[in-house]
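Chains as they are written, first to last, in the working numbering: chain A, 57 to 302; chain B, 23 to 321; chain C, 61 to 424.
Note that beta-carbon positions come from the ideal geometry of N, C-alpha and C, so glycine has one too.
What follows is one structure encoded as structure tokens, with my remarks underneath.
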């Protein structure tokens, strides 16, 4: 269980004089649901881009799924999944076409694709919707499907960017159950969100303020530490000290 | 008569019934929340009330004016902030405000006392382009623009979507202040935890209103005993708890799972039935708006 | 309420001024097009090497050759023998050869008295560049005719554009195109942008009538178009040396009418399109194509198939370009093109009426 999947040491990213990410260090363990929180402009997105192999750090080092973020960006991309509320699936393609497309993008061959996709559809009880256009599915279904597709190549880590905004409470819970299930089977989940109630679902939570990680612990211990009832308050206490805006 | 009166309002787009015979009324000076997920019909309702759309059936009055007959009168009496902050990104903070003032034939000075508590926070950046503001600052500017003509009724469609927790909390503080000044506010949000900041709320889903009450009243309506359960392995716990005796429902709820108990539920029996689960904790918990929403949706 | 109209106009102007890139493109496109069509894509005759075959060099022939060699567009390469014609043309030493018949003088005299004669001058032209070949042939003919002192040996006569300068024909076409581009495309995009950003919703939920918002939007674009119009006319007059003997007043008047028409077209597009991309596509495909193909800008309308000739009647640019050509090149006054003016005015009123009616103050 204590197998480290994401490891970051003194990681920084500077744009000219501006230090977007300022020497952050943390570890994420296999099967963890890791919440990565921060106010607008705290450096969350920049940090996540480095972890996904989309941009190089200015200094410091880190590894994701055993690959170095400085030199093995391409390997990293092959071993992670990504899902965001903004970009998920193509609305003008059917469920099956989307699956085939992303399986191809993630480097699965034809027989793997066939097998994985069929299995996923069965698990989601979606087999009958195989040829439905994604655009005509309800939002909740789309989100579940898009999570399933982000894990179609059985990645070590899945990055979720504000995954459940605007979904009804029941669908939202079904979504979190899927995440629990994936975590249970050993996939590490890395979630960034603005919404503290999403944070409460996480195993551990880190809160970034002005480019630094200001707090990192389980939600329960953070609430104890700050003597508050909710993560929302913990976050507000920390973020109120922020100097910079977006 | 209330500030907003809605009678059996319906609206559909093709086959999609966006709003299905909705009725409610909002008192003057009330902060009324429409709480519901995307697709609940919140935006459609706002557009009907701000006279941007015509209903298929039903009627509504805003500030004493009928939305169909007196729609021009309504337009000068209400302030509206659509879902996306409708600002001109290429104009500065001040230019945006000046333009919206001109739109209603007023000047910034006329309404400065009303918008000051909000506008003062962004005034130091008045020459900055609106497109370069942070989410929270955009929200403040958009709110200032919506208030510039001293509206009697303020419509805010998801003002807290996409902004961080600090800005969100600040917005609710500002709304409470505006309410003190006698402005009626209708605000929508998909986030259940914001419901407690409203005087009364309507829980909406798929074009219908599930329940209208004060936040406390809604929670009181939850007539079942609720437990919070947790264990080392949350996923395994969820699967076992669901099949245990006397459990009506069990679902993830942040750090804990919420367990809705039937009459016959017995805590000791339940623990015994679960068997060997590491770190099991079970405590009675007070229901939240979200628990009620789930219950209403399942009915 | 007058004051708020001014502030709307100010706001629109700010949008335009802040978008420096678009602004630059709008101001540069006319200049680039004018220079491109005026010079680069030219069918003009320039530095054509001409050799002459003359069995006996009579006074008449010498006179003709003298005129030829003094013309700035032709270079006289000397007298050659008939055997040299082919090698000269092949090697490119000459692009045209003028062959005088041995009975040239007699033919000229006969023609002068009205007696029909067989041709006495032969022009052999390198036709690898069809355009230059065509124009140099025509031009050579007119020079040689002049040499033969008003002899009606050829039927061809070059009217209005004796030097066949192509720029003259392109300037009105460019004007017809540019104003649609600036007015229709840019206004429609700017209105649709407000729909996309969501500000349109707020504008509609205000006591201001949409008509006011629309006119406020049109004014800055109208102003820009006027600047563009002046630029084009200046370039045409001083760079391309288009005569404009009929005066610029008429050209200005009809251009202003055309500007308003283009603005109305833009407004109409904005009522149909929901996104900026769609607005751009409609402007490009639905408006630009007919202007390029059916307005007489590139192809003479008389040469179009009957069906397209009929269609071309509803293309406003056709009437505008035709009128500007007449005023700019033939020097006709505006009263001579009253029919074009009336048609354009009618179209403007109809378009403005339809689009104002379609632009309602609700979202549906």
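Non-local beta-carbon contacts of residue 99 of chain B in its own chain, meaning distances under 8 Å to residues more than five positions away in sequence, involve 84, 85, 87, 173, 174, 175 in chain order.
The beta carbon of residue 282 of chain A sits no closer than 7 Å to any beta carbon of chain B. For residue 165 of chain A, there is no enclosing alpha helix (DSSP H), as DSSP marks it with neither H nor E. Between residue 403 of chain C and the set C:389, C:414, C:377, C:388, the nearest pair of CA atoms involves C:377.
Fully contained in the stretch 62-96 of chain C are the following alpha helix (DSSP H) runs of length 4 or more, in chain order: 62-78, 80-95. Under the 7 Å criterion on CB atoms, residue 195 of chain A is classed as interfacial with respect to chain B. Classified as buried, residue 278 of chain C has 16 or more neighbouring CB atoms from the shown chains inside 10 Å of its CB. Under the Cβ criterion of 7 Å, residue 272 of chain C is not counted among the residues facing chain B.
The DSSP-derived three-state label of residue 180 of chain C is coil. Those residues of the stretch 69-82 of chain C placed with their C-beta closer than 9 Å to a C-beta in chain B are 70, 71, 74, 75, 78, 79, ordered along the chain.
Look at residue 137 of chain C here: in three-state DSSP terms it is strand.
Using a CB distance cut-off of 7 Å, residue 186 of chain B counts as an interface residue toward chain A.
For residue 298 of chain C, there is no enclosing alpha helix (DSSP H), as DSSP gives it neither H nor E. A residue is called buried once 16 or more other Cβ atoms fall within 10 Å of its Cβ, and residue 294 of chain B, having fewer, is exposed. Taken atom to atom, the span from the alpha-carbon of residue 316 of chain B to that of residue 72 of chain A is near 49 Å. Of A:272, A:98, A:201, A:77, the smallest CA-CA separation from residue 156 of chain A is found for A:201. With fewer than 16 other Cβ atoms from the protein chains shown falling within 10 Å of its own Cβ, residue 360 of chain C counts as exposed.
In the DSSP assignment, residue 264 of chain A falls within the beta strand (DSSP E) that extends over 260-265. From the beta-carbon of residue 236 of chain A, the residues of chain B found nearer than 8 Å are 256, 257, 260, 274. Boundaries of the alpha helix (DSSP H) around residue 254 of chain C: 246-257. Under DSSP, the beta-bridge partners assigned to residue 39 of chain B are B:34. Per DSSP, reduced to three states, the secondary structure at residue 212 of chain A is coil, with no helix or strand assignment. In the DSSP assignment, residue 135 of chain A falls within the alpha helix (DSSP H) that extends over 129-135. Restricting attention to C:158, C:263, C:243, the CA atom closest to the CA of residue 123 of chain B is found in C:263. One finds 64, 266, 267, 268 in chain C with Cβ atoms closer than 9 Å to the Cβ of residue 126 of chain B, taken in chain order. Proximity of residue 411 of chain C to chain B, defined by a Cβ-Cβ separation below 7 Å, is not satisfied. Against chain C, a Cβ distance below 8 Å from residue 34 of chain B picks out nothing, because the smallest value is about 12 Å. Judged by DSSP in its simplified three-state form, residue 376 of chain C adopts helix. Looking from the CA of residue 213 of chain B, the closest CA among B:222, B:182, B:73 belongs to B:182. The three-state reading of DSSP puts residue 358 of chain C in coil, since its state is none of H, G, I, E or B. For residue 272 of chain B, the secondary structure class from DSSP, reduced to helix, strand or coil, is strand.
Contacts with chain A at 7 Å (Cβ-Cβ) include residue 312 of chain B.
Straight across, the Cα-Cα distance linking residue 156 of chain C with residue 123 of chain C is about 18 Å. Within the stretch 191-225 of chain A, the residues whose Cβ lies closer than 9 Å to any Cβ of chain B are, in chain order, 194, 195, 196, 218, 221, 222, 223, 224, 225. Counting only residues of its own chain and dropping the five nearest sequence neighbours on each side, residue 353 of chain C has a CB closer than 8 Å to the CB of 359, 368. Assignment of residue 101 of chain A by DSSP, reduced to helix, strand and coil, places it in the helix class.
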